[in-house]
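Everything in the sequence shown is counted per the numbering used here, starting at 33 for the first residue and increasing by one.
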Amino acid sequence: MSQSRIAVYPTSANPPTLGHADIVCRVSRQFDHVFWAAAVNPKKQYLFTQEERLAMMMEYIRHHGLENVTVETFSGATVRYAQKCEATALVKGLRNPDDFQAEYQQALGNLGIDATIETFCLFGRPEYYGVSSSLARELALLGENIGGFVLPSVAEMVVNLLRERGA
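Following this line, the structure appears as structure tokens:
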């Protein structure tokens, strides 16, 4: 009997971008189930609430028809969340050398907690090299169009949420 291949794709995306969606789509083809998890990092300040981030992530899931992806939120050590999900893999997206350095350090720390959970890194596609949550958020706060960074439905959500907040 074969064991399910379960992966966790943690992200602090605020908002989730087309680059994040590309990674989760590609991972969903390689694993039986993927938990796309909105991390709560105490070192970061979030423009959007956990619920808002999850709703945006669900837009991508619906848009791409990803039936084997669950969207959740978690706090604490990523590897502990992966253990809870019975995952054997953590998946990280890499856009540039800076991403590699940060993810490598994190992967080493995770191995120290649970050496049975592997970290897999996927290189971002070239068309998403400059796409980041930070840039999308900054442009949105300036009232600029972020359609090149997120799905149209997510762009609409971002605009509406900022309007509600008077930003």
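For glycine and all other residues, C-beta sits at the position ideal for the given N, C-alpha and C.
Close Cβ partners of residue i (< 6 Å) along its chain, the five nearest in sequence each way excluded
| i | result |
| --- | --- |
| Ala45 | His52, Ser165 |
| Asn73 | Ser44 |
| Tyr78 | Asn46 |
| Phe106 | Ala69, Tyr113 |
Nearest-angstrom Cα separation, counted from residue j out to residue i
| i | j | result |
| --- | --- | --- |
| Glu176 | Ile145 | 42 Å |
| Arg58 | Ala134 | 22 Å |
| Val40 | Phe80 | 22 Å |
| Thr120 | Ala71 | 18 Å |
Sequence-distant residues of the same chain with beta carbon closer than 8 Å to residue i, five excluded per side
| i | result |
| --- | --- |
| Ala87 | Met189 |
| Thr49 | Tyr160, Val163, Ser164, Ser165, Ala168, Phe181, Val182 |
Exposure of residue i, with buried meaning 16 or more beta-carbon neighbours within 10 Å
| i | result |
| --- | --- |
| Asn128 | exposed |
| Ala109 | exposed |
| Asn142 | buried |
| Val186 | buried |
| Arg37 | exposed |
Contacting residues, own chain, Cβ-Cβ under 7 Å from residue i (five flanking each side not counted)
| i | result |
| --- | --- |
| His95 | Leu183 |
Nearest neighbour of residue i, chosen from the options [CA to CA]
| i | options | result |
| --- | --- | --- |
| Val101 | Leu171, Ala168, Pro42 | Pro42 |
| Val123 | Glu83, Tyr92, Lys76, His65 | His65 |
CB of residue i within 9 Å of CB of residue j, strictly
| i | j | result |
| --- | --- | --- |
| Cys153 | Phe181 | no |
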